[in-house]
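Take a look at the structure set out below.
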Amino acid sequence: MRENDLHREIDALQQELSGLAGRTDQGAVERRENLKRGIDARTDELRTLTGQRAAVRSAASNPANIEAGTGFTEDDEQARGTRSRFRRPIDEARDAAHRAIERSCRGMRTDAGDRLVELVERDQVGADARYITAVSDPAYARAFAKKLAMPEGASQAVEPDEGEAMLMVGRAMAERSMLAGTGSAGGFALPIEIDPTINLDNDGQINPLRQIARVRSTTSYELRLITSAGTTASFGAEASQVDDGTPTLAQPVATPQRATCFVPFSFEVGMDWPGMAAELGRIMADAKDVLEAEKFLHGAGSGSDEPAGLIATLDSGSIIDTDQGGSTPGLIAADDVYLVQESLPARWSGRAVWMSGLPIANTIHRFSGPGGDEPPLFDEARGRLLGKPWWEASNMAGDHEDDGLLLYGDIGAAFQIVDRIGMSIELVPHLFGADRRPTGERGLFACWRTTSIVVVPEAVRLLVAGTS
Numbered sequence: 003m004r005e006n007d008l009h010r011e012i013d014a015l016q017q018e019l020s021g022l023a024g025r026t027d028q029g030a031v032e033r034r035e036n037l038k039r040g041i042d043a044r045t046d047e048l049r050t051l052t053g054q055r056a057a058v059r060s061a062a063s064n065p066a067n068i069e070a071g072t073g074f075t076e077d078d079e080q081a082r083g084t085r086s087r088f089r090r091p092i093d094e095a096r097d098a099a100h101r102a103i104e105r106s107c108r109g110m111r112t113d114a115g116d117r118l119v120e121l122v123e124r125d126q127v128g129a130d131a132r133y134i135t136a137v138s139d140p141a142y143a144r145a146f147a148k149k150l151a152m153p154e155g156a157s158q159a160v161e162p163d164e165g166e167a168m169l170m171v172g173r174a175m176a177e178r179s180m181l182a183g184t185g186s187a188g189g190f191a192l193p194i195e196i197d198p199t200i201n202l203d204n205d206g207q208i209n210p211l212r213q214i215a216r217v218r219s220t221t222s223y224e225l226r227l228i229t230s231a232g233t234t235a236s237f238g239a240e241a242s243q244v245d246d247g248t249p250t251l252a253q254p255v256a257t258p259q260r261a262t263c264f265v266p267f268s269f270e271v272g273m274d275w276p277g278m279a280a281e282l283g284r285i286m287a288d289a290k291d292v293l294e295a296e297k298f299l300h301g302a303g304s305g306s307d308e309p310a311g312l313i314a315t316l317d318s319g320s321i322i323d324t325d326q327g328g329s330t331p332g333l334i335a336a337d338d339v340y341l342v343q344e345s346l347p348a349r350w351s352g353r354a355v356w357m358s359g360l361p362i363a364n365t366i367h368r369f370s371g372p373g374g375d376e377p378p379l380f381d382e383a384r385g386r387l388l389g390k391p392w393w394e395a396s397n398m399a400g401d402h403e404d405d406g407l408l409l410y411g412d413i414g415a416a417f418q419i420v421d422r423i424g425m426s427i428e429l430v431p432h433l434f435g436a437d438r439r440p441t442g443e444r445g446l447f448a449c450w451r452t453t454s455i456v457v458v459p460e461a462v463r464l465l466v467a468g469t470s
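Residue numbers (this note's numbering): 3 to 470.
Spelled out as structure tokens, the structure:
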């Protein structure tokens, strides 16, 4: 979609603009002005496209502007029935889901919308398409808010269309659970506009992995991947037997793990805070991102009921310590940065990026500071290191050996995040104190499933602090 492309371009320009905040040198000032003009131009273009689309929809709503199609039989009803037999239910489910995503795209990040479109297109039975359509229904959002405010009396307060919307969501959740081979716990789903598993946010941590790793979605309890080191080619004499180039295949398995969040709230808050449902998404998105920012880097992986972290589960062949670059043990030097880049195989160099915490980036930047004879490793905007993009990861503190100082490589090829779209919510109607008496509080128990896995460790290099 052109609108999604414009949203993506605006997000990228605003991110670069925020990276220049506080800088007063002439180059930064000029770049900020250029970025602002670019953002304004794309915003105007987006506004124009939105206006054109609204005008087309308005014209289409007038029956006088619509010309009826020509049927191939004399009976129009029979003609429509004939055409409908050639239209599969899966196509109708996908079309409805695409319309729902388009309606909701203004409230979500462009990459989240793209992931939903990809999920719908890969859906072979329509279960995910029907789920997305159901949870995006405005009537369901209204029913959800009433359920939070009055758990026991919501069934009497909801309008007929809201009750029907809740029923459709329940059916969609049951269908997805049945296909995934896991039973339904009887909860209800978050509306699409506040679901943190769809509207990815980054409030609590600077966590770039969802932007630079490959993010995939699944409806089953696991996702089987295929990796290979490739095959080889060779020259040979005429009419001679060719070499065997059979590739070696591996099949990593990613199993989304359960993550939970519990939010208690008083009866008074539930009754008096009309915006609670919308705020709930922001609160849970923050908690979700803080957890994932840590586990996608440092999760123990297999056998631990948590994701396999990119740093924690790398094998020794991908790790370089500062001793190898001739540095003082435990300290990073300019030679280490060059060594890490040069050690990455050429296959992965084209799309390689850097990732580190801000303290390490500042240390590297100071190598070419006043009195130093080292040429600058960072560019002027601090967005590229040795010619490759640099991303900040706040959970790479670099303060102990296992944490990792500096990561370099094709992270999109090396690392995959696998989500099971949709967060399930259970409403606990009464909470009890230590003496088993009610406290006048309710609670929301949220559950979602996600994981991460290192599939091609050879595609990255990690610099750690040497100790010898």
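Heads up, the beta-carbon is just placed ideally off N, CA and C, and yes, glycines get one too.
Quantities reported herein were computed from a predicted structural model and do not represent experimental measurements.
Check	Outcome
heavy atom of the ligand HEM below 7 Å from G311 C-beta	Among the components of this structure there are no ligands whatsoever, and the ligand HEM is therefore not found.
Stretch-stretch touch, CB-based, cutoff 8 Å, three pairs: the segment 163–177 with the segment 132–144	yes
Best match in T453, A383, D27 for proximity to L472 [C-alpha to C-alpha]	For the chain, the structure presents residues 3 to 470; residue 472 sits outside this window and is missing.
C-alpha distance - P331 paired with P309, whole-angstrom precision	Since pLDDT at P331 reaches only 49, below the 50 mark, its modelled position is unreliable, and the value read off the structure follows with that caveat. Rounded to whole angstroms, P331 to P309 spans 31 Å at the Cα level.
Residue(s) in a DSSP beta bridge with M357	W393, L409
Rounded separation between G385 and A30 - CA only	12 Å
Best match in S268, G406, R349, T365 for proximity to R429 [C-alpha to C-alpha]	Per the sequence presented here, residue 429 reads as Leu, with Arg not at that position. Among S268, G406, R349, T365, the Cα nearest to that of L429 is on S268.
Residue range of the unbroken alpha helix (DSSP H) whose run includes F264	Counting along the chain, F264 falls outside any alpha helix (DSSP H), though it belongs to the beta strand (DSSP E) covering 259–268.
Secondary structure of A302, DSSP reduced to three states	strand
Beta-carbon spacing of R25, G272 below 8 Å	no
Identity of the residue in I214, M170, D381 nearest A14 by Cα	I214
V119 and A131 closer than 8 Å at C-beta	no
Nearest to T262 (by Cα), restricted to the options G435, A448, T234	A448
C-alpha gap between R39 and L316, whole angstroms	43 Å
For W350, three-class secondary structure by DSSP	helix
Beta carbon of I334 nearer than 8 Å to that of T365	yes
R144 (DSSP reduced to helix, strand or coil)	helix
M152 - DSSP class collapsed to helix/strand/coil	coil
Stretch pair the segment 454–464 + the segment 289–303: three plus CB contacts closer than 8 Å	yes
Top-ranked residue by Cα proximity to I413, from G311, W275, F369	G311
Helix, strand or coil at R82 according to DSSP, with G and I counted as helix	Any reading at R82 needs caution, since the residue's pLDDT is 46, under 50, leaving its predicted position unreliable; the model's value is listed next. Three-state DSSP puts R82 in a helix.
Span separating the alpha-carbon of A395 from that of G406	11 Å
First through last residue of the alpha helix (DSSP H) which encompasses I92	91–106
Residue from D27, P459, F417 whose Cα sits closest to the Cα of S318	P459
Close-in-space but distant-in-sequence residues of the same chain around R353 (CB under 8 Å, 5 per side omitted)	D412, G414, A415
Span separating the alpha-carbon of T45 from that of I12	8 Å
D245 (DSSP reduced to helix, strand or coil)	coil
Residues bridged to G445 (per DSSP)	P266, V430
CB of P391 within 8 Å of CB of W350, strictly	no
Alpha helix (DSSP H) segment containing L211, residue limits	211–214
Length of the line joining the Cα atoms of F264 and L446	6 Å
Short Cβ contact (8 Å threshold) for Q259 with D291	no
Limits of the alpha helix (DSSP H) - the one that L464 falls within	Counting along the chain, L464 falls outside any alpha helix (DSSP H), though it belongs to the beta strand (DSSP E) covering 462–466.
R117 burial status per 10 Å Cβ neighbour count (16 or more: buried)	buried
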